[in-house]
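Everything in the sequence shown is counted per my numbering, starting at 153 for the first residue and increasing by one.
Quick reminder that beta carbons are idealized off the backbone N, C-alpha and C, glycines included.
The structure appears right after this line, and notes come after that.
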Amino acid sequence: MAVVRNLKSQSEHVADRIKQLGSSRNPADANAPTAAPAPDSKGKARELSGSTATGADESALDEATVNALFGDAAQQVTKLRPLIFELQKRATNTTASSTSAASTAAEFESLLQECKSAWFQHRRPLLSRILLQRIAESEGQASKVQSHGQGQHPLVELARAATLLVRFVLQREHDLYQQFFGAGASADLPYNLASSQNSESDAALSAYLAELADTFTARLRPKLSKEKDLSVLAQVSSVIADAVHASPAQSAGEAHPLWTRSLLSVLNEAQSRLVVRAQSIVSTDIANFTASESDGDLEFPERIRTYKAASHGPGAEQLTPAAAVAVKAQHRRAKSGAGLLDAALSASHAASSSKAQQEKVQLFTLPPALLLTYYAPVGYALELLYHLQALVPASAFRRIAIAAVDACLASVSKGATELVKRKTGDSLEREDAWLFELRQLEILREVVVSAELVLKQAHDQQTAANGAPATSGTDRGHDEAVHVGAGTSASLVNLSSLVTAINSLWTNTGRLLYPSAITSTTDTDSKPQLDMQPSSSYVSSRLQVLIEQIGNHWSDSIILPLRVYIDQSAAEASASKFASTYQALETCIESIVPEKAEKVMLWVEDAEVHRLIVGSVTDKVRKAYARFVEMKPKDGAEVEEVGVMVERVRGEWMKMLAV
């Protein structure tokens, strides 16, 4: 058949040209290091990096090779397209009434499929060979750049170069194929017939392009399996995701091109390895963390004290006490919770003057000095989720985030026990262990809120993707995976969503601290799981227990004289004992409250938690003092009323906490 013979002849001609070009290429040119982007150890540049992917495609192959692979073949379109069009037209003539006409249409359809098979058969080895050769060269370039102390990790450099190469080849091959066999290029074909042929053609072409992409996947897989650095794996997933989603011709809601969806195998491979490594970190570094005094894992509250001493500005000592209190109060009104969400907001504004970059926020990040004031497993969890956000499917992110939070809860509980047993540093009390644990739970509460923001953003993206023009067959599933499961910078949390969460955290902390109060308002019929249950309930319930324990312990210390008087009043009640008990209470208030308030200020960041602790203490003082007043002897001295005493105790706390 003329079309098959021409396709075979053209492929052989292209193969000969490629060999000639290969023999004439200067080896130094193949291994010349390319300009490397600035190092990005935590992948923060991925927010807008997708915008540069398309421009880099132009240099994925040299011009001579591009002309040989695609330019010469395109010249055959004028010659072969009329023949292929005639086959398509006759193959779609299935409405004929006679059996012979229908049989003839089937024969033409068979001939058309033979032409397509010939295309795949003759061009597949040609393109696969080029891809393997150029990927090997990219690998050598990445290693050479790294040996000179430039650029990023070799695996990241390889992923970037090879993904752009494969993307470029798939796009050009897709476009060339459509020039030959695309039914849409023939205006004379009826729309329904052209659509039917396009659907069948897409399935075969998709499998063919995916097979070409697997050339890179097979090369990348063993390297990913050996890589242990989560940051590197995250950057690899990021650069591949950027290439998948970089489609400048795509409008809002439009389905991704077929050649882009063919890259999903590469992306899925990188994502799978990222998820596996993250799961390993959760089970080993977080869940099974063992604190070591020699490594400084139990240097609390020393680390916190050092950080807070260093964080005072140079003009702090020049402020009067009243001015310092005012500044501190103003600062507290401007922040939310333990500061994790605020840190993300600050990082967004400081990252760039570009509004586009500020509008996408990466969560789970704290300034390094502040991060040191938290227990090591909590820091591991933050880093883990930082690298996973917007790079793995929402279901996988939720699963790992829940596992990480649960593992942190267990490790923090063990760490609190070890803290009071340490052999170095200041002697610590049982309440210090509670405060240590409470501090970690503060940040874990914001981790939960941050994770739910990520899940909501992913759900919103999925909703938008479902509004895209429908694709057919298996391609629809691929397209949804690209939008939702692939991970992309577009999935980073919106700035407006973050601001809303911060405002809610500040104005309605009680509701967020005890999220069970709002579970009834959620849509129980909604299939996507947008919350972090049951982890959020575990965190909030443990916070309640700790606040109650601390409140009971401190209130017992303050009201100890009252309890002694109440227990002994039946036998030893007297005006003098009543008066001495009252004086002892005043002494306890004046000595214990400042000491405990200082501990609260040191350990606890969230002003709302401050108020909850104070509220717990004062409530118990009120009950004991009310009982004490009721038992006043007839000749006992006048004492402050219950309400006045409660306000006095609360005032002592507030004076120290400056809230």
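So residue i packs on residue j, CB below 8 angstroms; how close in whole Å?
i    : j    : result
L415 : L385 : Their Cβ separation, rounded to whole angstroms, is 18 angstroms, which puts L415 and L385 out of contact at 8 angstroms.
L361 : W271 : Incorrect: roughly 12 angstroms between the Cβ atoms, too far for contact.
L737 : P713 : 5 angstroms
L278 : A359 : Rounded, the Cβ-Cβ distance is 17 angstroms, inconsistent with contact.
E594 : A490 : 4 angstroms
L317 : L232 : Not a contact, Cβ separation roughly 28 angstroms.
L571 : F452 : 6 angstroms
L536 : A653 : Not confirmed; about 20 angstroms, so no contact.
L410 : L364 : About 12 angstroms separates the two Cβ atoms, so there is no contact after all.
L497 : L650 : 6 angstroms
C560 : L596 : 6 angstroms
A356 : L235 : About 19 angstroms separates the two Cβ atoms, so there is no contact after all.
R319 : A395 : 5 angstroms
Can you name, in chain order, every residue of its own chain whose Cβ lies under 6 angstroms from the Cβ of residue i, other than the five neighbours on each side?
i    : result
A603 : A553, M684
F734 : The residue asked about is misnamed: residue 734 is Tyr in this sequence, not Phe. The residues are V791.
G788 : A727, F730
L263 : L239
A294 : P306, E309, L310
L534 : F516
L523 : G531
A616 : none
S290 : L310, A313, A314
A548 : V427
T525 : R455, I456, Y459
Taking the alpha carbon of residue i as the reference point, which residue from the options has its own alpha carbon closest?
i    : options                : result
R312 : V388, E261, S417       : V388
A370 : Q514, V418, D584       : V418
V575 : S446, P746, E747, V391 : The sequence given here has Lys at residue 575, not Val. That would be S446, whose Cα lies nearest to the Cα of K575.
A562 : G577, E589, D327       : E589
E581 : A568, V229, A496       : A568
D354 : K296, R413, E309       : R413
V697 : R550, V761, L650       : V761
L647 : L605, Q613, G334, L682 : L605
K380 : F333, K573, V428       : V428
Q681 : D612, Y717, E700       : D612
T436 : L364, F320, A528, L518 : A528
F222 : T244, D708, I282, H539 : I282
N420 : D449, R457, H408, L376 : L376
A759 : F260, W805, E289       : W805
D708 : W755, Y777, M753       : Y777
A257 : T244, S693, E215, M753 : T244
Q285 : K241, E261, S175       : S175
N704 : W755, M753, S732, I765 : I765
E757 : V716, K296, L809       : L809
V156 : L540, R242, K268       : K268
Give every residue of the same chain whose Cβ lies closer than 8 angstroms to the Cβ of residue i, excluding the five residues on either side of it in the sequence, and list them in chain order.
i    : result
Q482 : No answer about Q482 holds up, because its pLDDT of 42 lies below 50 and its placement is not dependable.
P785 : A725, S726, A727, F730
D578 : E454
I710 : L737, C740, I741, I744, V745, V769, V773, V801
R169 : A220, D224
K775 : none
H165 : D224
Y538 : K194, Q514, L515, F516, T517
V794 : R774, Y777, A778, V781
Bridge partners of residue i, per DSSP?
i    : result
V166 : Note: V166 sits in no beta bridge, so no partner.
Is residue i close to chain D, meaning its C-beta is less than 9 angstroms from at least one C-beta of that chain?
i    : result
T576 : Protein chains in the displayed structure number just one, and chain D is not present.
What does a CB cutoff of less than 7 angstroms around residue i pick up in its chain, not counting 5 residues either side in sequence?
i    : result
D366 : S417
V143 : Since the first residue shown for the chain is 153 and the last is 811, residue 143 is missing from the structure and cannot be characterised.
S721 : M783
H229 : Checking the displayed sequence, the identity of residue 229 turns out to be Val instead of His. Cβ neighbours of V229 beyond the five flanking positions: Q331, F332.
P473 : Legend: pLDDT at P473 = 48, less than 50; position of this residue unreliable, value from coordinates given subsequently. Closer than 7 angstroms at the Cβ level, and outside the excluded window around P473, lies no residue.
E598 : G489, A490, L492, L493
Should residue i and residue j be called a contact, given that it needs their Cβ atoms to be closer than 9 angstroms?
i    : j    : result
L382 : I438 : no
V769 : K748 : yes
V391 : T315 : yes
K460 : L587 : no
V530 : Q592 : yes
K813 : A422 : It is not possible to answer for residue 813, since the shown part of the chain is limited to 153 through 811.
H274 : Q162 : yes
L543 : A393 : yes
W706 : E583 : yes
F780 : I702 : no
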